[in-house]
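Reading through the structure tokens given below for one structure.
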Amino acid sequence: MRALFSAACCVFLFSMTASAQNSPDCRTAIPVCADAPITGTTDGSGDIDDFDPEVITQTGCLEKGSVSSANIENNTGWYVFRAGTDGQIGFDIEALPVNPGSPITAEWDFALYGPFDETSGENYCTIVGNGSAQPIRCNYEYNDTGFTGIGVNPVDGRVGAPFVKQSQNTYDEWLNVTAGEIYYLYINNYNTNFDEDPESFILTFTGSSVDADQDSALDCTLRDEFLGLDIVACEGDPDIVLSALNSPVGPSISNIVWELDADDDGTYETVLATGAGQTELTVSSPNSGRYRVTIQSTFGTTITDDILITFYGTPVVDEVVIIDDLVHSDQTDPYNVEIVPLGDGNYEYSLNGGEYQDDPVFYDVPPGVNEVVINDKNGCGTSDPYHFLVVGYPKFFTPNGDNVHDNWNVYGIEQLNNPVVYIFDRYGKLLKQMDLNTGWDGTFNGRELPSSDYWFRLDYDRDDEGVLVARSVRRHFSLVR
């Protein structure tokens, strides 16, 4: 359940300029709406590394500003908004002086990421930070008008254009959105004054959608989720700081209660903190659960919000289920397996060094020893290689002395009960009888046989619910020289 109000004075609160606390963490980006300008503030060097420095300086636009030494994450704020209608969206970021009448010292830059949706299961902030999600709009140009953003610069009328390094255009192209899409806006103050005086800006949304109806252009219900969207994080990630000051009542607080539902089953079994001064709650790895805050305001209203925080560890292969091979089914070709992970992260799977796939079931798996790894798509790591055996026969072999496929045999034959293999030529002549420890090198009476198709019969006993049942497999394979 998201933000509930016990009185209607929130209308008064939203009629004023919204003043949001700064969130330097992408994971706790502040939900915003277009119905009023937002006053943002940064007051110190960013202490949360949202970006992988080894990746982000090689990709995207963040390192391509006019000043080559530009600090990517210096004095930062993160915001999130959701499109309420289809249409055109832009925004202005206006620099403000520290004190009225004093010169502007801030140099604001931005990057916009999206579109995302809430059903994809992606950890948005992880894929933003590791460079796999690129900014769709950004600007790190020197700002000589005090404005940067998307659309049209209100000072000189310069129209936004695709980002070009050293173009001195601080505006990017309009954004065409579809209702329901989610976007993350990263705002950075490159030229911080480092004197601990907060530097502020005004964020105002623009565009034809806003002109038509600023109340519906962006989904204002998202702002009720003032703790931010549900968070997927990795074990060992930095602490997550939740703020009650981002609620619509702002600092007008008479009491705060933080609670935890560790199992996310609807029962908040633990009270974590209470009191008007408990404006922040720090959540450390690996304490997953649903966190709820209830705020009583000095206006007599009560507002609440909750957020699900899930920490995932490095993936682990629990087991590989052999669906089809000579031991586990009547199907002798192809061989199929299913990878079973330990845990329920957002995983993808790779077999024998091949491309990753979302489906844990692999079809037509080669016989013999195989290797699988699991990758967490949210950036929480990759499992150790896991080896498993598929009992079956290869479709070809190449006895050319290179020590690769030089002999033909039934891989994993030692897993079978009483196995015997007979090899024949195409006319039915018996060429070789094999047991557990021998293979066929492609010869008969010391003479190399030519490239051709050859046949085999495998006799063995299979355990069928405690009863050994005689089985016989007849197939052909190729000798290739």
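With mature numbering (1 follows the signal peptide of the UniProt record, and there is no 0) applied, the sequence shown corresponds to residues -20 to -1, 1 to 461, in that order.
C-beta: ideal position from N, C-alpha, C; glycine also.
Beta-bridge partners of residue i, as assigned by DSSP
i    : result
N397 : D441
A9   : Bridge partners of A9: none, in fact.
L252 : Answer is none; L252 lacks a bridge partner.
T56  : N168
G20  : F181
T186 : G70
F377 : L459
Y329 : Q337, I354
L322 : V296
G412 : Reading off the sequence, residue 412 comes out as Lys, not Gly. Partner(s): I403.
F342 : V317
Y367 : Per the sequence shown, the amino acid found at residue 367 is His instead of Tyr. According to DSSP, H367 bridges with E351.
S432 : L459
F127 : E74
D304 : N316
Y104 : According to DSSP, which records beta bridges pairwise, Y104 is partnered with nothing at all.
D241 : R270
Whole-Å CB distance - residue i paired with residue j, under 8 Å assumed
i    : j    : result
V370 : G334 : Incorrect: roughly 15 Å between the Cβ atoms, too far for contact.
P11  : E161 : Wrong, their Cβ atoms sit about 14 Å apart, outside the cutoff.
G372 : D305 : 5 Å
R138 : N123 : R138 to N123, Cβ: 12 Å. No contact.
S232 : S277 : 5 Å
G361 : T294 : 4 Å
F376 : S458 : 4 Å
E351 : Q337 : Their Cβ separation, rounded to whole angstroms, is 15 Å, which puts E351 and Q337 out of contact at 8 Å.
N54  : N168 : 6 Å
G426 : P379 : At roughly 13 Å, the Cβ-Cβ gap does not stay under 8 Å, so G426 and P379 are not in contact.
Sequence-distant residues of its chain with Cβ nearer than 6 Å to residue i (five each side left out)
i    : result
D199 : R62, G64
R455 : none
R451 : Y440, R442
F185 : A14, F71
V349 : H367, L369
D66  : T158, A159
W435 : F404, H456
A224 : I236, T259, V273, I275
G216 : S265
T385 : It should be noted that the sequence gives His, not Thr, for residue 385. So the qualifying residues of the chain are F377, T378.
T106 : N358, G359
V449 : R442
Beta carbon of residue i nearer than 9 Å to that of residue j
i           : j    : result
G187        : W154 : yes
P266        : D5   : no
R437        : V460 : no
L165        : F96  : no
residue 518 : L92  : The requested residue 518 does not occur in the structure, where the chain is confined to residues -20 to 461.
Y271        : G325 : no
V317        : V301 : yes
residue 503 : I303 : Past the boundaries of the shown model lies residue 503; the chain is included only from -20 to 461, so the question cannot be answered.
P346        : Y366 : no
W88         : A9   : no
L222        : T262 : yes
I28         : L183 : no
G111        : Y163 : no
G109        : I36  : yes
L240        : T254 : no
S330        : N358 : no
A113        : Y104 : yes
L396        : V341 : no
V60         : L207 : no
Neighbourhood of residue i by C-beta, 8 Å cutoff - its chain only, sequence neighbours within 5 removed
i    : result
D298 : V320, P321, L322
T290 : D210, I211, V212, A213, S268
Q68  : W154, L155, N156, V157, G187, S188, S189
D444 : none
D136 : T125
A256 : I233, S234, N235, I236
D285 : R(-19), A(-18), D204, E205, F206, L207, S227, R272, V273
D32  : G109, N110, G111
Cβ shell of residue i (< 7 Å), same chain only, five flanking positions each side left out
i    : result
Q258 : I236, W238
N133 : T125, F127, T150, Y151
L288 : D210, D244, R270
N171 : T85, A86, E87
K412 : I403, W420
F424 : L411
Y248 : E239, L240, D241, R272
is_contact[residue i, chain B] using C-beta, thresh 9 Å
i    : result
S196 : Protein chain content of the structure displayed is limited to a single chain, and chain B is not contained in it.
message: Is it the case that the segment 14 to 24 contacts the segment 211 to 230, given that we only count it when at least three CB pairs across the two stretches are under 8 Å?
response: No: the two stretches stay apart, fewer than three of their Cβ pairs being nearer than 8 Å.
message: For the structure I just gave you, are there three or more beta carbon pairs, one from the segment 381 to 392 and one from the segment 417 to 434, closer than 8 Å?
response: With the cut-off at 8 Å, the segment 381 to 392 and the segment 417 to 434 touch.
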